[in-house]
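Asker: Sharing a structure below in structure tokens format, with a few things to ask.
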Amino acid sequence: MRAGRSDMMKAHTNTMGVEEKTGSGVASRSDRVEAIALNALTRKELFLRACRCEPVPRAPVWIMRQAGRYLPEYREIRKQHAFLEVAKTPELSVEVSLQPWRRLSVDAVIMFSDILIPAEAMGLGLELTDGGPVLPTPVRGAAEVDALRDFDPEVETRFVGETIRLLCRELGPEVPVLGFAAAPWTLACYLVDGRGREGFPATKTMMFNEPKLFRRLLEKIARVTAGYLKAQIAAGVAAVQLFDTWAGELAAREYREFALPATQLLIGEMDIALNESNNYVTPVILYSKATGHLLKEVATSGATVLSVDWRVDLAELRRKIGPEIALQGNIDPCVMLGKEADIVRAVGATLSATGGRGHILNLGHGILPTTPVENAQAFVRAGQEWSAHAKNVEEEEENPGRDNG
Ligand code: CP3
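Numbering (this note's numbering), first residue to last: 84 to 488.
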């Protein structure tokens with residue numbers, strides 16, 4: 084499945100390639116390299132090229148949870164509006180999505196929402212408390228699994244599409260807007276346990292004691308989520324990220340048996356539809372946390388980009404999975420609480436591990452609410468100033484025609 088996806092992307096390389104920027108029909112290789120060196124790419128092209136492991140002048144950078152509480156202007160909005168009100172009011176959610184763009188000049192803007200929004204649309208209650216999200220009527224048996232609704236995203240979560248359309252209009256065609264959803268396992272954890280709970284005991288009880296039912300739940304989530312993400316793509320997102328925050332709770336055997344097939348099903352469903360609604364195959368970024376023991380399996384998910392945390396050595400992962408799947412990450416969010424010099428050093432080390440090629444710079448998990456804004460700015464700046472140009476040109480010389488499509 085992964086190979087098919089990657090072939091399809093290659094077939095579309097030329098529509099996004101540097102050739103168009105040179106304006107001269109078929110450009111020579113040196114023209115192309117020069118165009119890259121001149122930073123002629125838009126942020127969206129840069130982002131998509133990084134997703135496809137094509138040469139780039141530098142790695143694009145954004146931050147998970149970049150729209151959030153570390154920003155005083157976000158806290159200001161939250162004084163007046165509840166979290167779910169912000170998420171469900173396109174004007175507010177657009178404003179909050181744009182705050183990190185204005186402050187940090189990131190290379191991608193993620194829409195403001197939450198991975199649990201579809202849970203509500205599937206028919207469950209959702210409350211955002213100070214202790215995190217709570218679903219007061221969790222899914223515990225067959226009747227509850229079957230009652231989950233396959234909702235119409237343009238009706239039940241119309242505000243998500245509206246937010247994306249407004250964001251795309253506001254930012255124009257050169258800035259990638261990112262959509263997202265939870266991966267099936269991580270959403271199941273919240274649907275069954277009803278809240279973030281150490282080890283997700285209720286979810287694992289269902290998995291071990293009623294494996295057929297649990298698989299039915301995961302498949303249902305996968306199909307519903309595919310529809311939800313397709314609506315985001317139709318509304319204009321350049322790429323989507325799947326959050327599998329709790330994948331690391333699983334042993335390899337259970338990951339292979341339950342989480343992985345549902346993730347593959349979801350990403351496979353995306354492949355079928357994406358060509359119709361877009362002129363390129365929309366990249367799927369798969370974030371997973373604490374999955375050092377699962378990466379061989381995660382790499383077979385079909386995802387275009389693997390987003391990993393700080394426990395993973397990116398150079399080693401690159402060797403393990405080969406040159407075709409891009410990587411995202413992976414600085415420890417706690418580094419952002421320290422000194423600027425250490426942030427710059429961490430950024431350099433992370434980018435050196437991949438040579439900045441096929442790499443989207445990010446943290447290994449969401450930015451912490453106590454992060455000083457100046458440190459977030461230093462992180463983005465350090466990433467954007469670290470040039471991978473020399474490395475890319477070198478590789479291009481060694482491996483001519485690599486990105487010819
Ligand atoms: O990245 C972004 O800036 C986009 C917005 C975004 C939010 N949540 C906003 C949010 C995204 C991508 C998420 C994903 C999300 N939500 C995940 C996966 C990634 C991760 O961080 O692990 C998970 C597990 C959730 C569920 C969730 N939502 C939790 C556990 C919490 C409470 C704890 C916390 O971090 O605040 C939320 C609430 C939430 N989602 C907030 C924000 C900004 C804080 C709400 C507030 O303003 O008080």
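The beta-carbon is built from N, C-alpha and C at its ideal position, and this holds for glycine as well.
K303 to L187, Cα distance in whole Å?
Answerer: Their Cα atoms are separated by approximately 38 Å.
Asker: With a threshold of 6 Å (Cβ to nearest heavy atom), would I414 be considered close to the ligand CP3?
Answerer: Answer for I414: no, Cβ out of range of the ligand CP3.
Asker: Please give the ranges of any alpha helix (DSSP H) in the segment 438-476, keeping only runs that are unbroken, at least 4 residues long and fully inside the region.
Answerer: 456-468, all fully within the segment 438-476.
Asker: Within 10 Å of its beta-carbon, does A436 have 16 or more other beta-carbons around it, so buried, or fewer, so exposed?
Answerer: Buried is the call here.
Asker: Does the ligand CP3 have a heavy atom nearer than 6 Å to the CB of Q411?
Answerer: Checking every heavy atom of the ligand CP3 against the Cβ of Q411, none is found closer than 6 Å.
Asker: For I355, count neighbouring C-beta atoms within 10 Å of its own C-beta (all shown protein chains included) and say buried if the count is 16 or more, exposed if not.
Answerer: Under this definition I355 is an exposed residue.
Asker: V189 by DSSP, collapsed to three states: which one?
Answerer: Three-state result, V189: coil.
Asker: Is the segment 337-353 in contact with the segment 391-409, if contact means three or more CB pairs nearer than 8 Å?
Answerer: Flag = no, the segment 337-353 and the segment 391-409 do not touch.
Asker: Let me know the secondary structure DSSP gives T212 once reduced to three states.
Answerer: Strand, per DSSP.
Asker: In whole angstroms, what separates the C-alpha of Q182 from that of V169?
Answerer: Going from the Cα of Q182 to the Cα of V169 covers about 13 Å.
Asker: Are the segment 291-303 and the segment 244-251 touching by the rule of at least three beta carbon pairs closer than 8 Å?
Answerer: The segment 291-303, when compared against the segment 244-251, does not touch it at the 8 Å Cβ threshold.
Asker: Under a Cβ-count criterion, where at least 16 other Cβ atoms within 10 Å of its own Cβ denotes burial, should R185 be classed as buried or exposed?
Answerer: By the 10 Å Cβ count, R185 comes out exposed.
Asker: Taking the CB atoms as reference points, tell me whether P143 and I443 lie closer together than 7 Å.
Answerer: Result yes, Cβ atoms of P143 and I443 sit closer than 7 Å.
Asker: Could you spell out where the alpha helix (DSSP H) holding G310 opens and where it closes?
Answerer: Start and end: P294 to A318.
Asker: Quick check: does the Cβ of P406 come within less than 6 Å of any heavy atom belonging to the ligand CP3?
Answerer: It does not: the Cβ of P406 is nowhere closer than 6 Å to a heavy atom of the ligand CP3.
Asker: Quick check on this structure: which residue in D235, G282 and R298 has the alpha carbon closest to the alpha carbon of N373?
Answerer: At residue 373 the sequence reads Ala, which differs from the Asn that was named. Selected option, being the one with the closest Cα: G282.
Asker: Between which two residues does the alpha helix (DSSP H) harbouring Q163 extend?
Answerer: Looking at the DSSP string, the run of the alpha helix (DSSP H) that includes Q163 is P155 to Q163.
Asker: Under the rule that 16 or more other beta-carbon atoms within 10 Å means buried, what is N413, buried or exposed?
Answerer: Buried, by the Cβ-count rule.
Asker: Can you find the residues in the same chain that come closer than 8 Å, C-beta to C-beta, to L249, ignoring five residues on each side of it along the sequence?
Answerer: P173, E174 and V177, listed in sequence order.
Asker: Decide if Q163 is buried, meaning its Cβ has at least 16 other Cβ atoms within 10 Å, or exposed.
Answerer: Q163 comes out exposed.
Asker: Quick one: is the Cβ of R161 within less than 6 Å of any heavy atom of the ligand PLP?
Answerer: Among the ligands in the structure shown, the ligand PLP does not appear; only the ligand CP3 can be found there.
Asker: Beta carbon of G262, beta carbon of V192: below 7 Å?
Answerer: No; because the gap between Cβ atoms is not below 7 Å, this pair is not in contact.
Asker: When the Cα atoms are used, what is the spatial distance from R306 to D229?
Answerer: Each residue's Cα considered, the two are about 13 Å apart.
Asker: Please classify G375: does DSSP put it in a helix, a strand, or coil?
Answerer: Helix at G375.
Asker: Report yes if the C-beta of A465 is less than 6 Å from at least one heavy atom of the ligand CP3; otherwise report no.
Answerer: Checking the Cβ of A465 against the ligand CP3 gives no.
Asker: For K422, count neighbouring Cβ atoms within 10 angstroms of its own Cβ and tell me buried if that reaches 16, exposed if not.
Answerer: The residue in question, K422, is exposed, as its Cβ has fewer than 16 Cβ neighbours within 10 Å.
Asker: Provide the residue span of the alpha helix (DSSP H) that contains V238, from first to last.
Answerer: Run containing V238: P236 to E239, per the alpha helix (DSSP H) assignment.
Asker: Around the Cβ of H448, are there at least 16 other Cβ atoms within 10 angstroms (buried) or fewer (exposed)?
Answerer: Looking at its Cβ environment, which holds 16 or more other Cβ atoms inside 10 Å, H448 is buried.
Asker: What did DSSP end up calling R223 once you bin it into helix, strand or coil?
Answerer: Coil at R223, not helix or strand.
Asker: How close, in whole Å, do the beta carbons of A202 and F234 come, if the pair is a contact with beta carbons under 8 Å?
Answerer: Their Cβ separation, rounded to whole angstroms, is 10 Å, which puts A202 and F234 out of contact at 8 Å.
Asker: What is the rounded straight-line gap between the Cα of A345 and the Cα of G351?
Answerer: For A345 and G351, the distance between alpha carbons rounds to 10 Å.
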